[in-house]
Amino acid sequence: MTNALTPAATASNIPPRILVIGGGYVGMFTAQRILKHLKRGEATVTVVDPRPYMTYQPFLPEAAAGSIAPRNLVAPLRRVLKGPNAEVITGRVISVDHTRKSATIAPNTGEAYELSFDDLVVAVGSVPRTLPIPGLAEHGIGFKQVEEAVSLRNHVIGQIDLADSIKDPALRRKALTFVFVGGGFAGVEAIAEMEDMARDVSKWYANVEPEDMRWLLVEAADRILPEVGPELGVWTAEELRKRGIQVKMKTFLNSCVDNHVVLSDGTEMDASTIVWTAGVKPNPVVEQLGIPLGPKGHVDTQASLRVVGYDHVWAAGDCAQVPDLSKGPGNWCSPSAQHAVRQAKRLADNIVSALRGKAVQDYVHKHVGSVAGLGIGKGVANVYGMKLRGWPAWLMHRAYHVSRVPTFNRKVRVCMDWVLAGFFRREAVSLTSFENPREEFAVVAVPAALPKQAVPAAIESVNGKARDEQVETAGV
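Last residue of the sequence shown: 483 in the numbering used here, with the numbers rising by one and none dropped.
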């Protein structure tokens, strides 16, 4: 018998669902702000992302350099997006039916299922823009996620550790050669922070000096850091060269097969580390959502952040082509954290307004400048036309970004990491075993009599047998 106080679910009493695809900066902050303004039961905000956390990407270089603990750069979605109106799904949206307003969701494990929605928010961000360069897919290292930053730190320190222990000159040169491709924010900050860290770490090694390392930044354009302006870009290149970092502009990576780097200017070398930071492109998932795209694959978005041709679909961030009204027709907002922060706010307010039948507003923001960190005590900034270098720029870089790190908890933890780093040296430990934590256990779990080449198959056999035994035990 149905409880009289609990009416049966009908279309009239089910709250509308706002489905947010992507739990990155734009997705998480948009959902958080919507939830803040909603009344209880007014709507459900569902965030779908394959990762259960948001990564604050501007601090990835400092995490790779060991100045910030990686766990302090991520915000768990379920902890940030809480309350009766919030829902987080760990998975991917693989298709959308706009006629039925239904999305097909594939969880990280299990079968796909459909989920209805009333408003759809596309905030899937961007992915590295790669080229069909021989050897890049096999040997290149990305720099877009916290996992990659941690892996790069472990790898670089591991190569220094290797070079300290071997005598072969060719192997030492290869281990201590680090190539970064891309002279934008990601590439410049990454190579600057890693060189700064490696220089500090080398003090703990008897057979490795900073002069033994070769750091190379490759950029296809005629300048680096275009976001801070020509003058500061030239200054940054000169500062990097003073630190022993080679900066090659108007140069392309032609090949890196078997870690043998070949550049367009004829330079060749063996390099143990090849980091690719040469730009980004919209997440390919936008091609599966049945919405209009711009010439470069971005979601075609109006100034109100509504997708062109749809009243119920919204988009913002790196995956969206948002008109930059501060510069006039034909201009688009750059894929920067500065725009992402403000677009998320406007997007959330517009969705709530539309939900309540009110008018929406256009996104307007004039880019105020850029800041970049180049290692401890080193930086460059161009803010409101004011150009800063060295310590002042570095402090401004840290002050701005810590103000944008999500949650008060994370802000305090990041600041504490900086305080501790000011009193103690960086840890020179490579935890490469973290990437294969079961390897040692799997080897000892396989019968010793088996030949080495049979170990992988035997491991799977042992695992299968163990699973069968557990199932039988559970059945008893």
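Backbone N, C-alpha and C define an ideal beta-carbon position, used for all residues, glycine too.
Integer-rounded CB distance, given that D307 should sit under 8 Å from G142:
What you label residue 142 is simply residue 135 of the sequence shown in a count that begins at 1. What you label residue 307 is simply residue 300 of the sequence shown in a count that begins at 1. Not a contact, Cβ separation roughly 35 Å.
Could you give the C-beta distance for V195 and T243, rounded to a whole number, given that I count them as a contact under 8 Å?
Mapped onto the sequence shown, residue 195 falls at position 188. Mapped onto the sequence shown, residue 243 falls at position 236. Going by Cβ atoms, the distance from V195 to T243 rounds to 7 Å, so yes, they are a contact pair.
Classification of F187 by the beta-carbon crowding that lies within 10 angstroms, buried from 16 upward
Residue numbering aside, residue 187 sits at position 180 when the sequence shown is read from its first letter. F187 counts as buried, since no fewer than 16 other beta carbons sit within 10 angstroms of its beta carbon.
Inter-residue CB distance, D56 and G30 (contact presumed, cutoff 8 Å)
Position 49 of the sequence shown, counted from the start, is the residue given in the question as residue 56. Position 23 of the sequence shown, counted from the start, is the residue given in the question as residue 30. Indeed, because the Cβ distance is near 3 Å, the residues count as touching under 8 Å.
Beta-carbon spacing of N79, R349 below 8 Å
Working through the sequence shown from its first residue, we reach residue 79 at position 72. Working through the sequence shown from its first residue, we reach residue 349 at position 342. Using a Cβ distance threshold of 8 Å, N79 and R349 do not count as a contacting pair.
Could you tell me the distance, in whole angstroms, from the CA atom of F66 to the CA atom of V100?
The count along the sequence shown starts at 1 and reaches residue 66 at position 59. The count along the sequence shown starts at 1 and reaches residue 100 at position 93. For the pair F66 and V100, the Cα-to-Cα distance works out to about 28 Å.
Run through DSSP, which three-state label would F448 get?
Residue numbering aside, residue 448 sits at position 441 when the sequence shown is read from its first letter. Assigned with DSSP and collapsed to three states, F448 falls in helix.
From the DSSP output, in three-state form, read off Y60 for me.
For the purposes of this step, residue 60 is taken as residue 53 along the sequence shown, with counting starting at 1. Here Y60 sits in strand by DSSP.
Could you give the residue range of the alpha helix (DSSP H) that holds N172?
Residue numbering aside, residue 172 sits at position 165 when the sequence shown is read from its first letter. The sequence as given places Ser at residue 172; Asn does not occur at that position. Following the DSSP letters along the chain, one finds S172 inside the alpha helix (DSSP H) bounded by residues V153 to S172.
Determine, using beta carbons only, whether R250 and E202 come nearer to each other than 8 Å.
Start at 1 with the first residue of the sequence shown, and residue 250 comes out as number 243. Start at 1 with the first residue of the sequence shown, and residue 202 comes out as number 195. Yes, these two residues count as a Cβ contact at 8 Å.
Helix, strand or coil for S209, going by three-state DSSP, please let me know.
The residue labelled residue 209 in the question sits at position 202 within the sequence shown. Reduced to three states, the DSSP call for S209 is helix.
Same chain only: Cβ atoms within 6 Å of A388, ignoring 5 sequence neighbours per side
Here residue 388 refers to the residue found at position 381 when the sequence shown is read from its first residue. For A388, where only same-chain residues beyond five positions count, the Cβ hits under 6 Å are V378, L395, A400 and M403.
Determine the contact status of A70 and V153, defining contact as a CB-CB distance below 8 Å.
In the sequence shown, counting from the first residue as 1, residue 70 sits at position 63. In the sequence shown, counting from the first residue as 1, residue 153 sits at position 146. The answer is yes: Cβ separation under 8 Å.
To the nearest angstrom, how far is the alpha carbon of M204 from that of S262?
Within the sequence shown, the letter at position 197 stands for residue 204. Within the sequence shown, the letter at position 255 stands for residue 262. Looking at the backbone, the Cα of M204 and that of S262 are separated by about 28 Å.
Just checking, does the segment 322-330 make contact with the segment 31-38 on the three C-beta pairs under 8 Å criterion?
Look at the beta carbons and you see the segment 322-330 touching the segment 31-38: at least three pairs across the two are nearer than 8 Å.
Taking Cβ to Cβ, would you say L300 is nearer than 8 Å to V254?
Stepping through the sequence shown from its first residue, residue 300 is reached at position 293. Stepping through the sequence shown from its first residue, residue 254 is reached at position 247. It is not a contact, given that the beta carbons lie outside the stated cut-off.
L67 - containing beta strand (DSSP E), residue span:
Residue numbering aside, residue 67 sits at position 60 when the sequence shown is read from its first letter. Not the beta strand (DSSP E): L67 falls in the alpha helix (DSSP H), residues L67 to A72.
Could you check whether V103 and P291 sit closer than 8 Å to each other, using their CB atoms as the reference points?
Position 284 of the sequence shown holds residue 291. Position 96 of the sequence shown holds residue 103. Going by C-beta atoms, P291 is not nearer than 8 Å to V103.
First through last residue of the beta strand (DSSP E) which encompasses A82
Residue mapping note: residue 82 aligns to position 75 of the sequence shown, counting from 1. V81 to P83 is the extent of the beta strand (DSSP E) around A82.
For A76, collect the residues of the same chain with a Cβ closer than 6 Å to its Cβ; drop the 5 residues on either side in sequence, then sort them by chain order.
As a first step, residue 76 is located in the sequence shown; it is residue number 69 there, counting from the start. Correct list, in chain order: D424.
With H, G and I counted as helix, E and B as strand and the rest as coil, what does DSSP make of D104?
Mapped onto the sequence shown, residue 104 falls at position 97. DSSP places D104 in strand when its eight states are reduced to three.
Cβ neighbours of G392 in the same chain (closer than 8 Å, five flanking residues each side left out):
Numbered from 1 along the sequence shown, position 385 holds the residue referred to as residue 392. Within the same chain, G392 has close Cβ partners G376.
Let's test the definition: count the other Cβ atoms within 10 Å of the Cβ of Q64 and tell me whether it reaches 16, buried, or not, exposed.
Taking the sequence shown and counting its residues from 1, one reaches residue 64 at position 57. Label assigned to Q64: buried.
Segment limits, alpha helix (DSSP H) that includes T184:
Residue 184 sits at position 177 when you count from the first residue of the sequence shown. Counted as a single uninterrupted DSSP element, the stretch harbouring T184 is not any alpha helix (DSSP H) but the beta strand (DSSP E) occupying residues T184 to V188.
Is the Cβ-Cβ distance between G189 and T274 less than 8 Å?
Walking along the sequence shown from the start, residue 189 turns up at place 182. Walking along the sequence shown from the start, residue 274 turns up at place 267. For G189 and T274, no; Cβs fall outside 8 Å.
Return the CA-CA distance between N10 and F150, expressed in angstroms with no decimal places.
One-based indexing of the sequence shown puts residue 10 at position 3. One-based indexing of the sequence shown puts residue 150 at position 143. With a pLDDT of only 38 at N10, under 50, the local geometry of the prediction cannot be trusted, and no value is derived from it.
Taking the alpha-carbon of D207 as reference, which of P413, I21 and G382 has the nearest alpha-carbon?
Within the sequence shown, residue 207 is the residue found at index 200, counting from 1. Cα-wise, what sits closest to D207 is G382.
Buried or exposed: which applies to G316, given that a residue is buried once 16 or more other Cβ atoms fall within 10 Å of its Cβ?
Residue numbering aside, residue 316 sits at position 309 when the sequence shown is read from its first letter. Its Cβ having fewer than 16 others within 10 Å, G316 is exposed.
Closest residue to P114 among P139, Q368, I28 and L362 (Cα-Cα distance)
To locate residue 114, count along the sequence shown from 1; it is residue 107. P114 has its Cα closest to that of I28, out of P139, Q368, I28 and L362.
Name the one or two DSSP bridge partners that A379 has.
Translated into the one-based positions of the sequence shown, residue 379 becomes position 372. V387.
Let me confirm a value: E476 is counted as buried when at least 16 other C-beta atoms fall within 10 Å, else exposed. Which label applies?
For the purposes of this step, residue 476 is identified with residue 469 of the sequence shown, where counting begins at 1. For E476, the predicted model reports a pLDDT of 43, less than 50, meaning its position is unreliable; a value from the coordinates is still stated below. Exposed is the call here.
What is the DSSP secondary structure of D125, reduced to helix, strand or coil?
Along the sequence shown, one-based indexing puts residue 125 at 118. In the structure shown, D125 sits in coil (DSSP, three-state: anything other than H, G, I, E or B).
Could you pull the DSSP bridge partners for M276 from this structure?
Locating residue 276 in the sequence shown gives position 269, counting from the first residue. Partner(s): V268.
Range covered by the beta strand (DSSP E) that runs through V287
Within the sequence shown, residue 287 is the residue found at index 280, counting from 1. Boundaries of the beta strand (DSSP E) around V287: V287 to P289.
Nearest-angstrom Cα distance between Q39 and F185?
Locating residue 39 in the sequence shown gives position 32, counting from the first residue. Locating residue 185 in the sequence shown gives position 178, counting from the first residue. Looking at the backbone, the Cα of Q39 and that of F185 are separated by about 40 Å.
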